[in-house]
Structures are given as C-alpha cells and as structure tokens.
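In the numbering used here, the protein residues as written are 278 to 497.
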Amino acid sequence: MDVLRVVFFGPPGAGKGTQAKLLEQKFGACQVSTGDILRKAARAETPLGKQTSGYLARGDLVPDDVMVKLVAERLKEPDCKAGFILDGFPRTIAQADDLERILKKGGLPLEHALGLKAPNDVLIKRLSGRRTCRNCGAMYHAVFNPPAKDGVCDRCGGELYQREDDREEQIAARLRVYEQQTAPLKDYYRKRRLLREIDGVGTVEEVRKRVFRAVGDGAK
Ligand code: ADP
Ligand code: ADP
Ligand code: ZN
Numbered sequence: 278m279d280v281l282r283v284v285f286f287g288p289p290g291a292g293k294g295t296q297a298k299l300l301e302q303k304f305g306a307c308q309v310s311t312g313d314i315l316r317k318a319a320r321a322e323t324p325l326g327k328q329t330s331g332y333l334a335r336g337d338l339v340p341d342d343v344m345v346k347l348v349a350e351r352l353k354e355p356d357c358k359a360g361f362i363l364d365g366f367p368r369t370i371a372q373a374d375d376l377e378r379i380l381k382k383g384g385l386p387l388e389h390a391l392g393l394k395a396p397n398d399v400l401i402k403r404l405s406g407r408r409t410c411r412n413c414g415a416m417y418h419a420v421f422n423p424p425a426k427d428g429v430c431d432r433c434g435g436e437l438y439q440r441e442d443d444r445e446e447q448i449a450a451r452l453r454v455y456e457q458q459t460a461p462l463k464d465y466y467r468k469r470r471l472l473r474e475i476d477g478v479g480t481v482e483e484v485r486k487r488v489f490r491a492v493g494d495g496a497k
C-alpha cells in the first residue's frame with residue numbers, strides 16, 4: 278500500500294481534520310490530531326490534560342516543548358513507522374524545526390506540507406456549526422454535514438457536543454493566533470519546496486479531490 282508522510286496546517290475550520298481522516302482511510306498512515314489528543318487528555322484529567330486544558334479553553338497555543346515531546350513520542354509508535362498525517366502540528370516555526378530534526382534522525386523526511394485555506398467568513402460559519410464526537414473525535418456540522426440522528430455520532434454512537442473553543446470569542450482569538458504564529462509556516466515550507474496550497478472552499482468532496490491531487494493521487 279502507498280504510504281504518506283504529510284503535515285496539514287491551516288486556520289481553524291479550514292477542514293484539516295475532515296480531510297486528514299479521508300487521507301487516512303485511503304493510505305497506510307496514521308492520523309495524528311494533536312487537538313484530539315489534548316482534548317482526550319483534558320477529559321481523562323491526565324497530567325498532560327491538567328497542564329494544557331487552560332490553553333485550549335482560551336484558544337491559545339500550548340507551549341512548543343510540550344507539543345514536540347508529545348508528537349515525538351506518538352511518531353515512535355509502530356503504526357506511524359511508515360507513514361503519518363499530522364493534523365494540527367506543527368503550528369509554529371519552532372515546532373516545524375523540531376519536526377524536521379526528528380524526521381531527519383529517523384530517515385523519513387516529510388513529503389508534503391498541505392496548507393488548506395479559506396476566508397474568515399467561511400471559517401466562522403464552519404466553526405460555529407461544528408459538532409464533535411466526545412468518543413471518537415469525528416466531526417459533523419449542524420448544517421453542512423449533519424449526523425443521521427441528532428446529537429449522535431454515525432460512526433460510534435457517541436455523544437456530539439460543541440467544543441468550548443468553537444464559541445464566538447474563542448474563534449476570534451484562534452484566528453488571530455493562526456495569523457500570528459502559524460501562517461509563517463507557508464514561507465517556511467515554500468522555501469523547502471514542500472508547500473502545497475489547497476483551496477478549502479467547496480464541498481468536502483471537491484476539496485478531497487484537490488488534496489488527493491496535491492499528494493500525487495489525482496486519479497483516485
Ligand atoms: P482546529 O481543528 O480548530 O484547528 P485543533 O483541534 O487542531 O483546532 O486544536 C485545538 C487546540 O489545541 C488549539 O487551539 C491549541 O490550544 C491546541 N493545540 C493543538 N495542536 C497544537 C500545536 N501543534 N501547538 C500548540 N497548541 C496546539
Ligand atoms: P479543522 O480541523 O481545520 O478545524 P474540520 O475538519 O474540523 O476543520 O471542519 C470544521 C467544520 O466544518 C466541521 O463542522 C466540518 O464538518 C465542516 N466542514 C469541513 N469541511 C467542509 C467543507 N468542505 N464544506 C462544508 N463544511 C465543512
Ligand atoms: Zn464517534
């Protein structure tokens with residue numbers, strides 16, 4: 278099976294999680310969503326969760342050293358050995374530098390940095406209607422992608438909820454954090470010839486085709 282080593286970045290609501298899951302289904306690679314990992318840790322009240330839940334609630338970034346350690350550990354697990362789809366990491370230049378170093382050591386460099394984009398009005402509509410499964414992390418949308426049964430996850434039967442950081446005030450904070458701290462990754466990856474900018478406006482299926490084309494799988 279084809280493998281894949283990519284990162285997804287882009288503003289909140291661009292569709293990273295949705296598209297990362299579609300890539301995961303298609304390729305032999307693990308999807309690593311740092312946001313999902315942190316939300317699970319917060320719910321289980323683990324030491325990681327206690328240390329980081331305040332940042333998530335405010336819409337701030339968790340400190341780089343915490344994130345890098347977490348991702349480095351995750352990438353050592355057997356299911357990530359050949360391929361991975363990092364969803365939501367890196368989010369700063371410092372994280373990108375550390376990732377490059379980690380991957381170089383393992384001899385498996387990044388193939389593509391997928392930058393999903395969409396204008397703020399689209400992002401705000403998507404985020405304010407987003408519903409997330411408490412159990413498996415699957416994403417739905419109250420209008421664009423509703424579950425078959427109200428409030429219940431199609432995949433696992435889990436309860437759907439609105440993330441605390443998907444409320445108006447936190448959305449605005451997160452969009453600012455993206456512009457200041459994450460958008461510089463575009464130049465970073467452009468210089469390394471890894472940047473694949475993808476238009477995130479359109480249906481999930483339209484965007485999926487662009488994503489698959491960007492990773493060299495246009496026919497499928
Ligand atoms: P979205 O899907 O809306 O872009 P995520 O689920 O990826 O959001 O992330 C939610 C929150 O988790 C972020 O606002 C931030 O607080 C924290 N987080 C996730 N990934 C990182 C990271 N790589 N660096 C720092 N903080 C992170
Ligand atoms: P991100 O991980 O970048 O924050 P998500 O994949 O969680 O973004 O998508 C944000 C919200 O928008 C979710 O409610 C999702 O169902 C919805 N969504 C994702 N892609 C599209 C699309 N192409 N058109 C309409 N809604 C979408
Ligand atoms: Zn679920």
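Note that the Cβ used here is the ideal one computed from N, Cα and C, for glycine as well. The structure presented is a predicted model; accordingly, all values stated were derived computationally and were not measured.
Exercise. Touch check for the stretch 305-312 and the stretch 372-392: three-plus C-beta pairs under 8 Å?
Worked result: With a cut-off of 8 Å, the stretch 372-392 and the stretch 305-312 do not count as touching, because too few Cβ pairs lie within range.
For this session: Output the boundary residues of the beta strand (DSSP E) element that contains residue 282.
Result: Within the sequence shown, numbered from 1, the residue matching residue 282 stands at position 5. First-last of the beta strand (DSSP E) with residue 282: 282-286.
Exercise. Got a sec: does ligand 2 put a non-hydrogen atom nearer than 6 Å to the Cβ of residue 389?
Worked result: Looking up residue 389 in the sequence shown gives position 112. Checking every heavy atom of ligand 2 against the Cβ of residue 389, none is found closer than 6 Å.
Problem set entry | Close beta carbons around residue 385, own chain, < 7 Å, minus the five adjacent residues each side | Along the sequence shown, read from residue 1 onward, the residue named residue 385 stands at position 108. Only residues of its own chain outside the window of five on either side were considered, and among them 282 have a CB closer than 7 Å to the CB of residue 385, listed in chain order.
For this session: Report yes if the C-beta of residue 435 is less than 6 Å from at least one heavy atom of ligand 3; otherwise report no.
Result: One-based indexing of the sequence shown puts residue 435 at position 158. Taking 6 Å as the cut-off, the C-beta of residue 435 counts as close to a heavy atom of ligand 3.
Exercise. Who sits around ligand 2, taking every residue whose Cβ is closer than 5 Å to one of its heavy atoms?
Worked result: Ordered along the chain, residues surrounding ligand 2 are 289, 290, 291, 292, 293, 294, 295, 403, 407, 416, 418, 421, 422, 481, 484 [Cβ under 5 Å from any heavy atom].
For this session: Put residue 412 into one of helix, strand or coil per three-state DSSP.
Result: Translated into positions along the sequence shown, residue 412 becomes position 135. Three-state result, residue 412: coil.
For this session: Mind checking which residues open and close the alpha helix (DSSP H) that includes residue 404?
Result: The residue you call residue 404 lines up with position 127 of the sequence shown. First-last of the alpha helix (DSSP H) with residue 404: 397-406.
For this session: Could you give the DSSP three-state label for residue 361: helix, strand or coil?
Result: Taking the sequence shown and counting its residues from 1, the one referred to as residue 361 is at position 84. Residue 361: strand per DSSP, three-state reduction.
Problem set entry | Separation of residue 487 from residue 370, as counted between CA atoms | The count along the sequence shown starts at 1 and reaches residue 370 at position 93. The count along the sequence shown starts at 1 and reaches residue 487 at position 210. Using only the alpha carbons, I get a separation of about 25 Å.
For this session: Run the CB neighbour count on residue 483, radius 10 Å, all protein chains shown included, and call it buried at 16 or more, exposed below.
Result: Within the sequence shown, residue 483 is the residue found at index 206, counting from 1. Exposed, since its Cβ has fewer than 16 Cβ neighbours within 10 Å.
For this session: Output the distance between the C-alpha atoms of residue 436 and residue 415, rounded to the nearest integer angstrom.
Result: Stepping through the sequence shown from its first residue, residue 436 is reached at position 159. Stepping through the sequence shown from its first residue, residue 415 is reached at position 138. One C-alpha to the other measures close to 10 Å.
Exercise. For ligand 3, is there a heavy atom less than 6 Å away from the beta-carbon of residue 397?
Worked result: For the purposes of this step, residue 397 is taken as the residue at position 120 of the sequence shown. Relative to the non-hydrogen atoms of ligand 3, the Cβ of residue 397 never comes closer than 6 Å to any of them.
Exercise. For residue 319, does the three-state DSSP call read helix, strand or coil?
Worked result: Within the sequence shown, residue 319 is the residue found at index 42, counting from 1. Here residue 319 sits in helix by DSSP.
For this session: To the nearest angstrom, report how far apart residue 393 and residue 358 are at their CA atoms.
Result: Here the question's residue 393 lines up with position 116 in the sequence shown. Here the question's residue 358 lines up with position 81 in the sequence shown. Cα to Cα, residue 393 sits roughly 25 Å from residue 358.
Exercise. Hey, would you say the C-beta of residue 311 is under 6 Å away from at least one heavy atom of ligand 1?
Worked result: Taking the sequence shown and counting its residues from 1, the one referred to as residue 311 is at position 34. Within the cutoff, so yes.
For this session: Tell me whether residue 473 sits in a helix, a strand or coil according to DSSP, three-state version.
Result: Within the sequence shown, residue 473 is the residue found at index 196, counting from 1. Residue 473 carries a strand assignment under DSSP once its states are collapsed to helix, strand and coil.
For this session: Compute every distance between the C-beta of residue 339 and the non-hydrogen atoms of ligand 1, then say whether any falls below 6 Å.
Result: For the purposes of this step, residue 339 is taken as residue 62 along the sequence shown, with counting starting at 1. Checking every heavy atom of ligand 1 against the Cβ of residue 339, one is found closer than 6 Å.
Exercise. If you check the beta carbons only, do residue 475 and residue 460 fall under 7 Å apart?
Worked result: For the purposes of this step, residue 475 is taken as residue 198 along the sequence shown, with counting starting at 1. For the purposes of this step, residue 460 is taken as residue 183 along the sequence shown, with counting starting at 1. Contact: no.
For this session: Check residue 341 in the structure and name its three-state DSSP category.
Result: Here residue 341 is taken as the residue at index 64 of the sequence shown, counted from 1. If DSSP states are grouped into helix, strand and coil, residue 341 belongs with the helices.
Problem set entry | Close-in-space but distant-in-sequence residues of the same chain around residue 395 (CB under 6 Å, 5 per side omitted) | For the purposes of this step, residue 395 is taken as the residue at position 118 of the sequence shown. Same-chain partners within the cutoff: 291, 477, 478.
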